[in-house]
Amino acid sequence: MRHRLKTELGAMEISMSRMQNWLVDALNHSGLTPTTARNSPEFYLLDRQRLIMWQRRLYEQIDSVVDLLLPRS
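Numbering (our numbering), first residue to last: 353 to 425.
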């Protein structure tokens, strides 16, 4: 089915990397989104960098299928 979707119907897929469990727990505990947390002093510098890299990879994946998600008129 996946092969058919991709080859015959032109479907595309994205791959979202999994955020570390302890980082997800910290976000949930603080009530912050990844975007807010990456600028928050509540998170260590290295953790903020991890969030920046995770978000960058996610946005790259979304950008790779943007024409399918938001077709131009």
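We treat Cβ as the ideally placed atom computed from N, Cα and C, and that holds for glycine.
Sequence-distant residues of its chain with Cβ nearer than 6 Å to residue i (five each side left out)
| i | result |
| --- | --- |
| proline 386 | Leu403 and Gln407 |
The alpha helix (DSSP H) enclosing residue i, as first and last residue numbers
| i | result |
| --- | --- |
| valine 376 | 373 to 382 |
| threonine 388 | 386 to 389 |
| leucine 436 | Nothing about residue 436 can be reported from this structure: the residues present for the chain run from 353 to 425 only. |
| arginine 370 | Segment: none, arginine 370 is in no alpha helix (DSSP H) and carries neither H nor E. |
| methionine 405 | 397 to 415 |
| leucine 357 | 354 to 359 |
Assumed close pair residue i, residue j - CB separation to whole angstroms, cut-off 8 Å
| i | j | result |
| --- | --- | --- |
| leucine 410 | methionine 368 | 6 Å |
| aspartate 399 | leucine 375 | 6 Å |
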